[in-house]
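If you read the sequence shown in the working numbering, its first letter stands for residue 61, the second for the next number, and so on. Glycine included, each C-beta is placed from N, C-alpha and C at the ideal position. Everything on this sheet refers to the single structure shown next.
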Amino acid sequence: MVRFAVLLFVLGLSQAVRSQSWKGVDASFLPEMLYDGVLYRDQEGAEIESPRQWMAEQGVDLVRLRVWH
């Protein structure tokens with residue numbers, strides 16, 4: 061009975077992990093692009109004033125930042 065309960069628990073965890081979704085961006089060049097005057101626009105074509113804020117509003121979970129010396 062304990063084995064069965066453990067098996068059900070493990071199967072439940074595997075389904076919970078499988079159902080998670082992540083949104084991520086590589087924002088390494090974002091400061092350089094903003095400095096160069098690149099305009100970011102949303103799906104409707106409206107200019108995005110703060111790309112970082114917009115990404116947060118869109119539900120971005122992960123950010124990749126590469127650092128160069």
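Contacting residues, own chain, Cβ-Cβ under 8 Å from residue i (five flanking each side not counted)
i, result
"residue 122", "82, 83, 84 and 85"
Distance between residue j and residue i (C-alpha atoms, nearest Å)
i, j, result
"residue 92", "residue 65", "54 Å"
"residue 62", "residue 104", "55 Å"
"residue 119", "residue 113", "10 Å"
"residue 116", "residue 102", "13 Å"
"residue 70", "residue 106", "46 Å"
Spatially closest choice to residue i from the options, by CA coordinates
i, options, result
"residue 127", "97, 89, 120 and 110", "89"
Beta-carbon contacts of residue i that lie in its chain and below 7 Å, excluding the five residues immediately before and after
i, result
"residue 125", "87 and 88"
Contact set for residue i: own chain, Cβ-Cβ below 6 Å, skip 5 residues either direction
i, result
"residue 100", "108 and 111"
Extract the residue ranges of the beta strand (DSSP E) inside the stretch 70 to 129, only unbroken runs of 3 or more that lie entirely within it. 84 to 86 and 122 to 124
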